[in-house]
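Note that my numbering has the sequence shown beginning at 57, numbered continuously upward. Reading through the structure tokens given below for one structure.
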Amino acid sequence: MTRRLHDRESNPAAEPRKEKPVSGAGAEQNIEDSRRRILMSAIREFAESGYTKASTNAIVRNARASKGLLFHYYGSKKDLYLAALEYSVEFLVDFFLKNLGSLPEDPVDRFVTWASLKTRMLAEEPLIYKMTLGGIMEAPKEIRPEIQARLNRSGERLMPVFLSRIDFSGLRSGVDPGKAVRYILLVFGALSERYLEAAVDSPDKGLSSLPSAMVEIEEYADLIKHGLYRKVNPSEDPERKE
């Protein structure tokens with residue numbers, strides 16, 4: 057599931073390939089192959105051009121299929137876009153689920169490792185990254201509710217596993233674990249939102265800035281773990297009243 061997208065695609069051809077008539081299992085395989093080629097081609101086109109500017113002509117040309125097949129399998133450009141986005145998001149979720157076993161138990165370290173996994177994944181799969189980013193940040197308003205529903209379903213698969221088996225023993229005495237997790241989520245969530253907003257306006261959709269973003273995430277993680285203020289010995293506190 058986590059092989060690179062271009063390894064799963066066929067090479068583009070100028071004209072749609074004419075399939076020889078087959079029946080039974082062979083016909084079913086041809087149908088599945090055609091659907092997959094169209095979907096992979098759609099991910100590339102939507103990732104590079106966005107929903108509005110994406111060309112269904114380019115999609116079928118690169119998939120070596122007819123436009124009739126595209127609409128037969130997926131119904132409309134909108135439904136094809138939603139299918140491409142759902143595939144991309146599920147691809148990311150499956151990648152994380154496969155690698156969650158190696159995550160540290162400390163809550164802050166877990167989020168940093170998670171971010172590192174995400175950075176590696178996005179660098180290895182730029183089309184999946186751009187497809188997902190476009191769906192989150194640039195999709196037309198009329199399809200955003202459907203996009204959000206798909207994102208919510210993926211989150212329901214991922215977050216319970218991600219939040220399990222966290223060791224809170226390193227927290228300061230009196231700190232509520234639930235509040236600690238919410239605080240960490242707020243910090244890293246705000247950082248992610250800022251990165252996404254900046255990525256939308258950059259030529260490469262933020263891919264070149266991933267290493268510097270990772271450095272900043274580690275710096276904020278250090279602030280969470282060690283605080284903002286220097287530790288003061290009560291005997292050395294000038295404001296301490298005797």
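Backbone N, C-alpha and C define an ideal beta-carbon position, used for all residues, glycine too. These numbers come from a predicted model, not from an experiment.
DSSP places L247 inside the alpha helix (DSSP H), whose first and last residues are 233-256.
Assignment of D260 by DSSP, reduced to helix, strand and coil, places it in the coil class. Per the C-alpha coordinates, the member of Y130, K186, L136 positioned closest to D260 is K186. In the structure shown, S122 adopts coil according to DSSP, grouped into three states. Per DSSP, I184 is one residue of the alpha helix (DSSP H) stretching across 182-193. For the pair E104 and T188, the Cα-to-Cα distance works out to about 12 Å. In the three-state DSSP reduction, E101 falls in the helix class (H, G or I). In this structure, DSSP gives E161 a state outside helix and strand, which the three-state scheme calls coil. Under the DSSP assignment, Y276 falls in the alpha helix (DSSP H) whose first and last residues are 266-282.
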